[in-house]
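J.: Next up is a structure, given as structure tokens.
Numbering (UniProt numbering), first residue to last: 1 to 425.
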């Protein structure tokens, strides 16, 4: 991967993704003696280490989007969604060029930043399904198989290290008294891989959607690039395909309810965040009701200014219109017609959205209690009291252990970067 114009060589992101992206496994080196670097730069292992021991901590805050955005780099030898640890590579980067600590360290660091680094940093890839912990409400994730492969799975664990289902075991509410909900991030903003909770798999890991034997990537319909929000689902909800929605006249799409998170942070795949619900859009997808909840991360610096859907119109003009346009046309490049909407494509307010979520939660409760037919939905869980589908931690661990080990990411097909142009109807 060639250096981005926004990241001098020693400050290239070690995880091999775009500077504006964030994956589930962003391990960064510890800086000696509490040294820090300006926000906007990824710390460099070779420019800060003074010994050969590889210490890592998990990145909990993605890098801000550069402006203008650089071209998306292709996956190279450093591209991996597993743990990537940078090692000491040369005399200059490991101490000869950074004499001592304090002023000498900073002088050497800025010299390296100015010069662009030695470019001899080596990477050690540990593709063994390493567990990574982020700022995600005490949850962690574990990868299996290679990202961008049919076999890829992202499993979830709770704060105690026990395997869980993100569909069934993560609570609906982060704070019921304030109507703050949990959200499982499936797709980080600006990415194209169509990731989703595998509702038919044991433990419901995140996987990439497959159609006709091929991995699915959402098309770029101009002017959009990938998903234009952090996209995911609210746990313990289910849009029942056997229930006709009174608002849309159509049955549910058989999935957890979808969320578009509009905050400034680019979240990580598998991250669990607390969100404030602002409104909803009722999409009709091939005759099925597919609610799209609009929400904002509670940790967003502007979250306190957003309390209803009108605040989005006021503070992010054009964003809601772009959201309707995105959902209307994103399947057109695949030869499908434009999607339709209930309420003429108008967004409903916060109270309406919260009631929709509560309704889908009731359908989920019937599903997990085996009071309704879930078809092929896998309801295996570890924490839901009274559910006939509860399993032991030993059974859950056996499920994860049976999956292939984590591997370096497969390359993304070049056609994923293609832009499509259509006249709006």
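Where a beta carbon is used, it is the ideal one built from N, C-alpha and C, also for glycine.
Here the structure is a predicted model, which means the values were calculated and not measured.
For residue 165, which residues from the same chain have a beta carbon less than 6 Å from its beta carbon, with the 5 sequence-adjacent residues on both sides left out?
T.: Around residue 165: 203, 204, 381.
J.: Using 8 Å as the threshold, is the region 389-402 in touch with the region 154-168, meaning 3 or more CB pairs across them?
T.: Result yes; three or more Cβ-Cβ pairs closer than 8 Å.
J.: Secondary structure at residue 280, three-state DSSP: helix, strand or coil?
T.: In this structure, residue 280 counts as strand in the three-state DSSP scheme.
J.: If you reduce the DSSP assignment to three classes, tell me which class residue 234 lands in.
T.: Coil, per DSSP.
J.: Flag this pair as yes or no: are the beta carbons of residue 237 and residue 326 separated by less than 7 Å?
T.: No, the pair does not count as a contact, with Cβ atoms beyond the cut-off.
J.: Quick one: using the 10 Å Cβ neighbour count with 16 as the cut-off for buried, is residue 282 buried or exposed?
T.: The residue is buried, with at least 16 neighbouring Cβ atoms inside 10 Å.
J.: Express the C-alpha separation of residue 386 and residue 415 in angstroms, rounding to a whole number.
T.: About 48 Å.
J.: Could you name the residues of the same chain whose beta carbon sits closer than 6 Å to that of residue 172, not counting the 5 residues immediately before and after it, in chain order?
T.: Result list for residue 172: 236, 361, in chain order.
J.: If you reduce the DSSP assignment to three classes, tell me which class residue 139 lands in.
T.: If DSSP states are grouped into helix, strand and coil, residue 139 belongs with coil.
J.: Return helix, strand or coil for residue 364, following the three-state DSSP convention.
T.: Three-state DSSP puts residue 364 in a helix.
J.: Let me check one thing: in DSSP terms, what residues is residue 288 bridge-paired to?
T.: According to DSSP, which records beta bridges pairwise, residue 288 is partnered with 285.
J.: Assuming contact is defined by CB atoms lying nearer than 7 Å, are residue 206 and residue 138 in contact in what I supplied?
T.: Result no, Cβ atoms of residue 206 and residue 138 do not sit closer than 7 Å.
J.: In terms of residue numbering, what span does the beta strand (DSSP E) encompassing residue 183 cover?
T.: Looking at the DSSP string, the run of the beta strand (DSSP E) that includes residue 183 is 180-187.
J.: From residue 320 to residue 196, what distance separates their C-alpha atoms?
T.: Rounded to whole angstroms, residue 320 to residue 196 spans 23 Å at the Cα level.
J.: Taking all protein chains shown into account, decide if residue 43 is buried (16 or more other Cβ within 10 angstroms of its Cβ) or exposed.
T.: Residue placement at residue 43 is flagged as unreliable, the pLDDT there being 38, under the threshold of 50; the coordinate-derived value follows with that caveat. Label assigned to residue 43: buried.
J.: Name the residue from 370, 358, 334, 216 whose alpha carbon lies nearest to the alpha carbon of residue 191.
T.: The candidate whose alpha carbon is nearest that of residue 191 is 216.
J.: How big is the Cα-Cα spacing for residue 293 and residue 146?
T.: C-alpha separation (whole angstroms): 30 Å.
J.: Where does residue 192 sit, in a helix, a strand or coil, going by DSSP?
T.: Residue state, collapsed to three classes: coil.
J.: With DSSP collapsed to three states, give me the class of residue 6.
T.: Here residue 6 scores only 39 on pLDDT, less than 50, and its place in the model should not be relied on; the value that follows carries that caveat. Correct three-state label for residue 6: coil.
J.: When the Cα of residue 311 is compared with those of 340, 348, 199, which residue comes out closest?
T.: Measuring from the Cα of residue 311, the nearest candidate turns out to be 348.
J.: What do you get for residue 421, buried or exposed, if any count of 16 or more other CB atoms within 10 angstroms of its CB means buried?
T.: Exposed, by the Cβ-count rule.
J.: Taking just the CA atoms, how far does residue 213 sit from residue 181?
T.: So the two alpha carbons sit approximately 35 Å from each other.
J.: Would residue 384 and residue 272 be called neighbours here (beta carbons separated by less than 7 Å)?
T.: Contact: no.
J.: How would you label residue 208, buried or exposed, when you count the other beta carbons within 10 angstroms and need 16 or more for buried?
T.: Buried.
J.: Taking the beta carbon of residue 299 as the centre, do at least 16 other beta carbons fall within 10 Å, making it buried, or is it exposed?
T.: Exposed, since its Cβ has fewer than 16 Cβ neighbours within 10 Å.
J.: Flag residue 335 as yes if its beta-carbon sits less than 7 Å from any beta-carbon of chain B, otherwise no.
T.: The chain labelled as chain B is not found in the depicted structure, where only one protein chain is given.
J.: Does residue 253 pass the burial test, meaning 16 or more other C-beta atoms within 10 Å, or should it be called exposed?
T.: The residue is buried, with at least 16 neighbouring Cβ atoms inside 10 Å.
J.: Between 262, 178, 357, 256, which has its C-alpha nearest residue 309's C-alpha?
T.: The shortest Cα separation from residue 309 among 262, 178, 357, 256 belongs to 262.
J.: Let me confirm a value: residue 258 is counted as buried when at least 16 other C-beta atoms fall within 10 Å, else exposed. Which label applies?
T.: Answer is buried; the Cβ neighbour count reaches 16.
J.: Applying the 10 Å Cβ sphere with the 16-neighbour rule, what's the burial state of residue 210?
T.: Residue 210 is exposed by the Cβ-count criterion.
J.: Between residue 179 and the rest of its own chain, which residues show a CB-CB distance below 7 Å, the 5 nearest in sequence each way excluded?
T.: Excluding sequence neighbours, residue 179 sits near 277, 354.
J.: Roughly how many angstroms lie between the CA atoms of residue 350 and residue 274, to the nearest whole one?
T.: Going by the C-alpha atoms only, they are around 16 Å apart.
J.: Can you tell me where the alpha helix (DSSP H) with residue 395 in it begins and where it stops?
T.: Looking at the DSSP string, the run of the alpha helix (DSSP H) that includes residue 395 is 393-401.
J.: Kindly indicate the opening and closing residues of the beta strand (DSSP E) around residue 261.
T.: Where residue 261 is concerned, the enclosing beta strand (DSSP E) stretches over 258-261.
J.: If contacts are defined as beta-carbon pairs under 8 Å, then residue 189 and residue 228 qualify, I think. What distance do you get, rounded to the angstrom?
T.: Yes, they are in contact, since the Cβ atoms of residue 189 and residue 228 sit about 7 Å apart, within 8 Å.
J.: At the level of alpha carbons, what is the spacing between residue 245 and residue 168?
T.: Taking the straight line joining both Cα atoms gives about 22 Å.
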